[in-house]
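S.K.:
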Amino acid sequence: MLRKDLSSLVEYISHSSLDIRRRERTGIIEAVYSEFKEAPVLLDIARALLRRKAPLFFTRVNPAKAEFLLNHLKGLLYVPEAQILYKPLRKRKKTGFVSVVSAGTSDRLYLEEACVTLDFLGNNFAKICDVGVAGVHRILPYIRILRKSRSVIVIAGMEGALPSLIGGIVNVPVIAVPSPVGYGISAGGFAALLGMLSSCSPNVCVVNIGNSFGAACVASLINHKRGG
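Here it is in structure tokens:
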């Protein structure tokens with residue numbers, strides 16, 4: 001009986017329970033993390049979401065899975081640089097402004113994931129690439145852009161110092177994303193995570209290693225709560 005009562009909120013299929021009203025409840029879509037799901041499972045989920053007219057946004061979709069889905073469904077878009085597959089929403093006016101900053105070119109996947117998510121959720125943003133602390137002067141041309149942002153997403157691997165630096169020059173939240181990029185002692189992003197958690201810039205908050213989708217959701221909520 002309870003399952004029937006929840007049918008307007010949850011789409012139950014054989015292997016998944018889809019939270020189809022999450023966006024209305026929280027302002028954040030349900031993203032389908034796809035890295036460890038098989039392509040036929042993703043197809044089942046996609047068909048269920050489309051049937052219920054719920055947002056369709058799949059993260060960490062490799063090219064082979066994307067090709068499989070695109071061959072079976074129409075109207076979807078795939079962004080290989082971000083490993084995101086989605087169905088575009090109806091166009092709406094974008095709000096706010098977020099800067100998305102990467103310390104290095106090797107962080108591109110996480111940079112692009114954040115940018116595609118921000119765009120999907122209706123946010124204006126600027127992309128600032130390859131400005132890590134090994135050449136700190138590279139950030140100087142972007143200070144004006146950073147200071148007009150409502151929040152700044154900063155993605156960095158290695159020692160993860162860039163969010164602290166940017167946190168010291170802006171008066172908005174800095175959302176730090178540890179990237180699993182770096183030589184052995186970087187330990188798959190744990191060194192960056194610990195460095196970011198130890199930041200002496202009090203406006204820096206930290207998401208999980210590689211979770212640029214989560215960082216973009218937080219930035220989007222900040223934008224939309226401030227009223228556009």
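First residue of the sequence shown? That's 1 in the working numbering, and the numbers climb one at a time after it.
Backbone N, C-alpha and C define an ideal beta-carbon position, used for all residues, glycine too.
(1) Give every residue of the same chain whose Cβ lies closer than 8 Å to the Cβ of LEU9, excluding the five residues on either side of it in the sequence, and list them in chain order.
(2) For ASP107, name the three-state secondary structure that DSSP assigns.
(3) Measuring CA to CA, which of ASP107, ALA176 and VAL181 is closest to LEU197?
(4) Mind listing, in chain order, the continuous alpha helix (DSSP H) runs of no fewer than 4 residues lying wholly within the stretch 162-193?
(5) Whole-angstrom Cβ separation of LEU73 and ALA46, contact assumed at under 8 Å?
(6) In chain order, what residues of the same chain lie with their CB nearer than 7 Å to the CB of GLY189, ignoring the 5 residues before and after it?
(7) Express the C-alpha separation of SER34 and LYS65 in angstroms, rounding to a whole number.
(8) Which runs of the alpha helix (DSSP H), 4 residues or longer, sit entirely within the stretch 48-72?
(9) Going by Cα to Cα distance, which pick from SER151, HIS15 and GLY184 is closest to GLY96?
(10) Quick one: what does DSSP say GLY214 is sitting in, helix, strand or coil?
(11) Any chance the stretch 76-92 sits against the stretch 132-146, with 3 or more Cβ pairs inside 8 Å?
(12) My understanding is that VAL98 touches PHE125, with C-beta atoms under 8 Å, so please give their C-beta distance in whole angstroms.
(13) To the nearest angstrom, report how far apart ALA187 and LEU70 are at their CA atoms.
(14) If you count every other CB in all the chains shown that lies within 10 Å of the CB of GLY228, and 16 or more means buried, which is it?
(15) What residue does the beta strand (DSSP E) around ILE145 start on, and which one ends it?
(16) Which same chain residues, not among the five before or five after ASP44, have their C-beta less than 8 Å away from its C-beta?
(17) Check each candidate in ILE222, ALA216 and HIS224 and name the one with the smallest Cα separation from LEU111.
(18) In whole angstroms, what separates the C-alpha of PHE68 from that of ALA39?
M.R.: Per the coordinate set shown:
(1) Excluding positions up to five away in sequence, the list reads ASP19, ILE20 and ARG21.
(2) Correct three-state label for ASP107: helix.
(3) When the alpha-carbon of LEU197 is set against those of ASP107, ALA176 and VAL181, the nearest one is in ALA176.
(4) List check, alpha helix (DSSP H) in window: 162-167.
(5) For a cut-off of 8 Å, the C-beta gap from LEU73 to ALA46 is around 6 Å, short enough to register as a contact.
(6) The residues are GLY157, PRO178, SER179, PRO180, ILE209 and GLY210.
(7) Roughly 9 Å between the two C-alpha positions.
(8) Segments of the alpha helix (DSSP H) lying fully in the stretch 48-72: 63-72.
(9) When only C-alpha atoms are compared, the closest one is SER151.
(10) Shown here, GLY214 sits in a helix according to DSSP, grouped into three states.
(11) Of all C-beta pairs linking the stretch 76-92 to the stretch 132-146, fewer than three are shorter than 8 Å, placing the two stretches out of contact.
(12) Right, their Cβ atoms sit about 4 Å apart.
(13) If you take the alpha carbons of ALA187 and LEU70, they lie about 35 Å apart.
(14) For GLY228, the predicted structure reports a pLDDT of 48, less than 50, and the residue's modelled location is therefore unreliable. A value from the coordinates is still provided. With fewer than 16 Cβ atoms within 10 Å of its Cβ, GLY228 is classed as exposed.
(15) Membership of ILE145 in any beta strand (DSSP E) is not indicated; the residue belongs instead to the alpha helix (DSSP H) covering 143-147.
(16) The residues are ILE13, SER14, HIS15 and SER16.
(17) Selected option, being the one with the closest Cα: ALA216.
(18) Each residue's Cα considered, the two are about 7 Å apart.
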